[in-house]
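Residue numbering for the sequence shown follows my numbering, starting at 1 and increasing by one per position.
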Amino acid sequence: MSKIVCAKMEKHEAVAIVGARRFSSYKGYSNKTVFAGRYDDTQPIDEQGRIDRVFVAIDALRLKPIRDQIFQFYKNSMLRELNKAYVGFKGDRYEDTETRRKVTTGKWGCGAYNGNPELKFCLQWIAVSANNREMNFTTFNEQDCKNLIHIFEMYKGKTISDLFKDLVLLREYVRVADQGEDGKQRMIKNKKQLAGILYRFLTKDKSE
1 MSKIVCAKME KHEAVAIVGA RRFSSYKGYS NKTVFAGRYD DTQPIDEQGR IDRVFVAIDA
61 LRLKPIRDQI FQFYKNSMLR ELNKAYVGFK GDRYEDTETR RKVTTGKWGC GAYNGNPELK
121 FCLQWIAVSA NNREMNFTTF NEQDCKNLIH IFEMYKGKTI SDLFKDLVLL REYVRVADQG
181 EDGKQRMIKN KKQLAGILYR FLTKDKSE
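What follows is the structure, encoded as structure tokens:
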């Protein structure tokens, strides 16, 4: 419905859908989602008579499965995604800062858009923290998300500036990791290989 009433989003824009009522139960995830019967929405009503619920639409970068994998680690690409997430998570300017709702998110742009889960987790974590909110990150028990716990443990006592500086260094780290003994540049073979490189970088001792 948002596509009908909202203009195409620019790089600095997000769409907030406030007060949407849920009518259906469902099972599954992504393209395996199926209707599971009627749903009685008991979500509270806010002071303006709306369902107290907010959905935020933020469009991620669309990447080719192999060719564009390195592109998402460019600083400009990360800043683009970070700005999108920051705007989307900012919320109502009149919202009570003491009772701000949590942001529930997940592997944004990591399905059909082929983004890297570890990178998108870090960027969303930075955006949520900059907005002084808490984040619920849903993984749907997917195995490729288990590295996120270790990344969280490594950075939970540091600043978002520390994390972003390390993310900026990733471009060079990935390039070096992708060189063979002959020194020639090769293509990262797949997303799984790239995820391993990112994980090893973020969880290694930076004092070495």
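Note that the Cβ used here is the ideal one computed from N, Cα and C, for glycine as well. Remember, predicted model here, so these are calculated numbers, not experimental data.
Beta-carbon separation of residue i and residue j under 7 Å?
i, j, result
"residue 128", "residue 89", "yes"
"residue 138", "residue 106", "yes"
"residue 103", "residue 14", "no"
"residue 121", "residue 79", "no"
"residue 82", "residue 114", "no"
"residue 25", "residue 39", "yes"
"residue 171", "residue 71", "no"
Using only the alpha-carbon positions, how far apart do residue i and residue j sit?
i, j, result
"residue 8", "residue 60", "13 Å"
"residue 100", "residue 169", "33 Å"
"residue 167", "residue 56", "25 Å"
"residue 75", "residue 157", "24 Å"
"residue 85", "residue 41", "28 Å"
"residue 108", "residue 3", "19 Å"
"residue 187", "residue 163", "Model confidence at residue 187 stands at a pLDDT of 46, short of 50, so the residue's coordinates are unreliable and nothing is read from them."
"residue 182", "residue 116", "Any reading at residue 182 must be qualified, since the residue scores a pLDDT of 48, below 50, and its modelled position is unreliable; the value itself is stated next. Rounded to the nearest angstrom, the two C-alpha atoms are 28 Å apart."
"residue 130", "residue 19", "25 Å"
"residue 126", "residue 159", "9 Å"
"residue 142", "residue 10", "31 Å"
"residue 291", "residue 49", "Beyond the ends of the chain as shown, which are 1 and 208, falls residue 291; an answer cannot be given."
"residue 112", "residue 65", "9 Å"
"residue 98", "residue 136", "18 Å"
"residue 161", "residue 150", "19 Å"
"residue 12", "residue 53", "23 Å"
"residue 155", "residue 77", "22 Å"
"residue 240", "residue 43", "The structure shown does not extend to residue 240, since the chain is modelled only from 1 to 208, so the question has no answer here."
The alpha helix (DSSP H) spanning residue i covers which residue range?
i, result
"residue 80", "75-90"
"residue 152", "147-155"
"residue 4", "2-5"
Using CA atoms only, rank isn't needed, just tell me which of the options is closest to residue i.
i, options, result
"residue 5", "17, 13, 49", "17"
"residue 23", "29, 36, 30, 12", "36"
"residue 146", "67, 72, 118", "118"
"residue 94", "47, 68, 159", "47"
"residue 33", "165, 58, 140, 132", "140"
"residue 110", "68, 150, 134, 43", "68"
"residue 58", "124, 98, 43, 96", "124"
"residue 133", "96, 43, 77", "96"
Need the endpoints of the beta strand (DSSP E) that residue i sits in, please.
i, result
"residue 27", "24-27"
"residue 130", "Careful: residue 130 lies outside any beta strand (DSSP E), inside the alpha helix (DSSP H) at 117-130."
"residue 17", "15-18"
"residue 37", "34-38"
"residue 112", "Taken as a continuous stretch (DSSP letters only), residue 112 belongs to no beta strand (DSSP E), as it is neither H nor E."
"residue 57", "54-57"
"residue 136", "135-137"
"residue 105", "103-105"
Assuming residue i and residue j are in contact, meaning their beta carbons sit under 8 Å apart, how far apart are those beta carbons, in whole angstroms?
i, j, result
"residue 21", "residue 51", "5 Å"
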